[in-house]
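Scroll down for the structure; my scribbles are underneath it.
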Amino acid sequence: MDAFKMPATRSASPSRRIAIVGAGAIGGHFAARLALAGHRVSLLARGATLEALRRDGLRYQSPDAPEQRVPVEAHARAEDIGAQELVVIALKSQSLPGLAASLAPLLDAQSVVLPVGNGLPSWFCLVPGQPLEGLRLQSVDPDGGVERALPFAQVLGGSVMASCSCPAPGVVRHHSGNRITIGEPAGGVSERSALWAGVLDDAGLPTTASEDIRRDLWVKLLGNACANPLSVLTQASTDRLLDDAHTRAAYAQLMGECLAIGKAAGLAIEIDIATRMAQSRALGTVKTSMLQDLEAGRALELDAILGAPLECAARLGVEAPLMRTVLALARLRATPAG
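Numbering-wise (the UniProt record's numbering), the sequence shown opens with residue 1 and increments by one.
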């Protein structure tokens with residue numbers, strides 16, 4: 001395999017200093033596209049992944065290109081990277097509280113922080129003037145450390161719709177989908193959200209600057225809160241979940257509960273559950289990221305995907321009995337025997 005040679009035509013955006021925290025599937029996807037577009041990309045990684053990135057670069061393959069070795073800077077410590085213009089948080093949600101304080105060297109007063117994980121982010125209820133104002137989501141920020149480390153005023157919300165995998169340290173496969181939405185937590189399109197949407201878009205990461213990123217995150221959650229935990233409990237792909245009458249009924253009830261919580265939170269979500277499920281079924285055989293994590297022995301993102309919405313439900317007085325039961329069962333399923 002030949003080392004990748006940068007194409008003659010790069011992004012129309014000026015070169016930016018961008019750090020990616022987390023060198024897994026989504027972090028690697030961002031890093032590869034941004035580096036290929038000519039941006040100075042630094043990856044914060046550790047262990048075997050750090051060694052592989054330093055030795056071989058980032059090995060990246062996508063539907064529109066053969067495998068390439070993408071040169072990136074890889075570091076174990078944030079202080080070796082320094083302050084960046086954009087910091088993309090691509091960690092699993094359960095990993096962020098333990099690492100948040102160590103990310104301070106990546107930020108100065110002008111830095112923008114873009115978390116792109118699944119589920120509800122720690123900042124979701126910090127927006128003033130909405131029904132969840134003042135609620136700290138213990139599921140994703142148990143001691144407030146994430147909020148202290150990543151100042152709310154510097155955060156843009158992010159939602160990623162892309163199927164990627166990380167079959168080996170430092171190796172990323174982009175399989176399908178490539179749609180990103182970013183936006184101001186309080187709503188509206190700002191100068192900075194439009195700027196960074198343009199930078200990402202120019203780099204081959206099709207991005208929209210959203211008017212209502214909180215709504216967009218909840219719309220994504222409608223699918224994740226159903227397919228992910230049910231796939232863990234059944235070890236079934238999404239097509240099997242939706243073809244079986246019993247699991248399809250559970251899927252619909254979970255989505256209905258999640259939708260009710262979102263509406264009570266003041267989010268303008270008008271979605272037909274049957275249509276949304278049909279759209280998911282049309283994607284064919286999909287193994288969810290949570291099932292892949294289970295099979296690989298990795299921790300599951302249950303707290304961000306189910307725990308945080310249940311905290312919102314409790315604050316809003318919305319009943320979600322099946323969601324609560326599924327969370328309990330999935331936690332037990334994820335706990336090693338013995």
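Beta carbons are placed, not taken as given, at the ideal position from N, Cα and C, and that holds for glycine. These numbers come from a predicted model, not from an experiment.
query                                                                                             : result
Rounded straight-line distance, which links the Cα of Q61 to that of S49                          : The displayed chain sequence assigns Thr, not Ser, to residue 49. Approximately 17 Å, taken between the alpha carbons.
D2 burial status per 10 Å Cβ neighbour count (16 or more: buried)                                 : Note on D2: pLDDT 35, under 50, position unreliable in the model; the coordinate value appears next. Exposed, by the Cβ-count rule.
Beta-bridge pairing of residue 339 - partner residues as DSSP gives them                          : As displayed, the chain neither begins before 1 nor continues past 338, which places residue 339 out of reach and without an answer.
CA-to-CA distance, G38 to M6, given in whole angstroms                                            : Its pLDDT being 34, under 50, M6 is placed unreliably in this model, and the coordinates cannot settle the point.
Contact check, M257 vs L137, beta carbons under 9 Å                                               : The sequence given here places Glu at residue 257; Met does not occur at that position. For E257 and L137, no; Cβs fall outside 9 Å.
Which of helix, strand or coil DSSP assigns to I305                                               : helix
Nearest residue (CA-CA) to A59, options A260, A168 and R331                                       : Reading off the sequence, residue 59 comes out as Arg, not Ala. Residue A168 is the option with its Cα nearest to R59.
Endpoints, the alpha helix (DSSP H) within which S280 is located                                  : I273 to R281
Residue environment, P142, which counts as buried when at least 16 other CB atoms sit within 10 Å : exposed
Neighbour-count burial assignment, S93, 16 or more Cβ in a 10 Å radius                            : buried
Proximity below 9 Å, CB of R17 to CB of A83                                                       : yes
Nearest candidate by alpha-carbon position, reference Q235, set A268, R173, A225 and M290         : M290
Local Cβ density within 10 Å of R214, reported as buried at 16 or more and exposed below that     : buried
Helix, strand or coil at G119 [DSSP, three-state]                                                 : coil
Same chain, Cβ closer than 8 Å to A304, five either side skipped, listed in chain order           : S93, Q94, G117, N118, G119, L120, P121, S139 and V140
Run of the beta strand (DSSP E) containing N67, from where it starts to where it stops            : The displayed chain sequence assigns Glu, not Asn, to residue 67. Unbroken beta strand (DSSP E) run through E67: A65 to V70.
Those residues which DSSP pairs with G158 across a bridge                                         : I182
DSSP three-state assignment for P97, whether helix, strand or coil                                : helix
Inside the region 12 to 84 only - beta strand (DSSP E) runs reaching at least 3 residues          : 17 to 21, 40 to 44, 58 to 62, 65 to 70 and 73 to 75
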